[in-house]
Amino acid sequence: MSSKDSTNSTTSITGSMNPIDSMTVLVTGGCGFIGSHLVRLILRERPNWRVINVDKLTYAGNPENIPDVNNATKPSRYQFVQADIVDGQAINALFDSEKIEYVVNLAAETHVDRSLIDSAPFLRTNVEGTRVLLEAATHYGISRFLHVSTDEVYGSLGPTDPPFTEQSPLEPNSPYAASKAAADLLARAYHRSYGLPVLITRCGNNYGPYQFPEKFLPLFITNALDDQSLPLYGDGQNIRDWIHVEDHVRALLQVLEKGIPGEIYNTGAGEEHTNQRMAEWVLDILKKPRSLIQLVKDRPAHDRRYGLNVTKIQNKLGWRPSIPLGEGLGVTVSWYQDHRAWWERIKSGEYSNYYRQWYRDRLAIVPQ
Ligand code: NAD
Ligand code: TYD
């Protein structure tokens with residue numbers, strides 16, 4: 446079969462499968478933050494599904510993010526493959542040897558600040574890696590390809606703008622966001638050009654257990670636990686729309702099973718808050734002084750505000766977030782308190798070089 450003949454495949458491109466049907470899903474980036482929660486959710490709630498987790502194990506990928514899966518899941522239901530999604534040979538070999546029906550593409554370089562230091566890995570993995578997966582999925586004729594995009598593709602909102610809808614123009618401002626926008630559009634193009642049953646989600650800022658501590662909330666929580674400064678960029682008034690990772694992965698499963706190919710679904714919890722408010726919230730939960738907050742030099746092209754209109758996913762698929770931010774944040778802070786070994790190992794490794802480099806001229810005191 447030519448690589449562009451997938452629309453002739455016997456696999457339905459429109460019908461969602463019954464959740465009790467047996468099936469194999471390829472999750473990329475399953476050792477990262479969101480991917481690990483998705484793998485766990487699928488294995489817990491879809492007992493007839495097999496999960497193949499393809500992850501390169503970059504600095505952000507950690508098999509310790511799914512200890513329960515690694516230790517307790519029957520090998521027949523879960524398989525880990527260490528591979529780079531850019532490696533077409535490895536990806537095609539996997540599709541050759543397995544009957545993969547669903548793909549959920551989460552593998553990516555994800556940190557905006559790192560993309561400002563070096564955009565090359567972002568273009569490589571986020572764009573070329575997505576192309577390799579789309580090409581393989583088209584060639585082998587899979588049933589559904591869920592591409593996990595982000596609200597950052599929309600760019601920035603002004604203070605009184607209505608939240609982004611799926612029709613808002615894409616105006617990415619960082620190399621990370623631009624690479625995600627390119628991948629998002631490429632996924633759309635494979636649907637239009639080759640009939641690949643692509644679904645796209647664009648989610649807001651996630652928080653929860655197992656998030657790599659370079660990101661705002663785990664960085665601020667773990668710094669606060671160590672009585673270190675919390676480096677708040679600019680005037681601290683940038684706004685993000687926060688969602689608990691469990692709510693996000695439930696949305697992903699819903700879109701995977703019930704979404705309409707070719708459609709885009711915004712996903713968010715409508716919890717828009719300034720970074721300063723979030724930082725104070727964390728300090729209040731931990732009973733630490735607000736004086737730990739240090740305003741530092743801003744990130745270039747720092748998007749002022751993200752906010753998502755999620756009417757479509759709510760009305761069309763019946764998905765709703767279920768974890769209020771106040772509750773989710775408290776539980777998340779407790780998780781980092783209880784899992785010091787997990788984040789201390791990360792913070793004392795390669796990450797400490799990055800931290801020194803990025804925060805050197807931002808923070809007055811950077812640990813040597
Ligand atoms: P993460 O950085 O925690 O994890 C990324 C995972 O991808 C890691 O396990 C890493 O090893 C793997 N990976 C990276 N390059 C790879 C490659 N070339 N081949 C195979 N694996 C590779 O990221 P995350 O926060 O879990 O985000 C997952 C996805 O969700 C990303 O696509 C991101 O753009 C998107 N997203 C994230 C958020 C958020 O708030 N975290 C919000 C919206 C969308
Ligand atoms: P981040 O977790 O990097 O996510 P994103 O930029 O993709 O939204 O940052 C969330 C917000 O927190 C963002 O407005 C930048 C801000 N921030 C800080 O103020 N200080 C920091 O040290 C970091 C990492 C982020």
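Numbering (the working numbering), first residue to last: 446 to 813.
C-beta atoms are modelled at their ideal positions from N, C-alpha and C, and glycine is treated no differently.
Remember, it's a predicted structure, so these values are computed and weren't measured experimentally.
Runs of beta strand (DSSP E) wholly within the region 499–542 (minimum 3 residues, chain order): 523–527
DSSP-derived helix/strand/coil call for Thr610: coil
Exposure label - Gly771; buried when at least 16 CB within 10 Å: exposed
Proximity test, Pro604 beta-carbon vs ligand 2 heavy atom, cut-off 7 Å: no
Which of helix, strand or coil DSSP assigns to Tyr804: helix
Counted within 10 angstroms of its Cβ, other Cβ atoms place Met446 as buried (16 or more) or exposed: Low per-residue confidence applies at Met446: pLDDT is 30, beneath 50, and the placement is therefore not dependable enough to give any value.
Sequence-distant residues of its chain with Cβ nearer than 7 Å to Gln612 (five each side left out): none
Ser594: first and last residue of the uninterrupted beta strand (DSSP E) it sits in: 589–595
Beta-bridge pairing of Leu644 - partner residues as DSSP gives them: Leu591
Distance, Met468 Cα to Met462 Cα: Because Met462 sits at a pLDDT of 48, beneath the cut-off of 50, its placement in the model cannot be relied upon, and the point is left open.
Buried versus exposed call for Ser736 [16 or more other C-beta atoms within 10 Å across all chains shown]: exposed
Nearest-angstrom beta carbon gap, Leu578 and Asn618 [assumed within contact, 8 Å]: With a Cβ gap of about 26 Å, Asn618 and Leu578 do not count as contacting.
Check: Leu644 C-beta below 7 Å from any heavy atom of ligand 1: no
Of the listed residues Trp780, Leu753, Gly681, nearest to Val598 (C-alpha basis): Leu753
Proximity to Arg576 [Cα-Cα], best of Phe540, Ile530, Thr555, Ser481: Ile530
CB contact flag (Tyr523, Val496, <8 Å): yes
DSSP state of Ala546 mapped onto helix, strand, coil: Checking the sequence shown, residue 546 turns out to be Glu, not Ala. Residue state, collapsed to three classes: coil.
Leu502: CB within 7 Å of a non-hydrogen atom of ligand 1: yes
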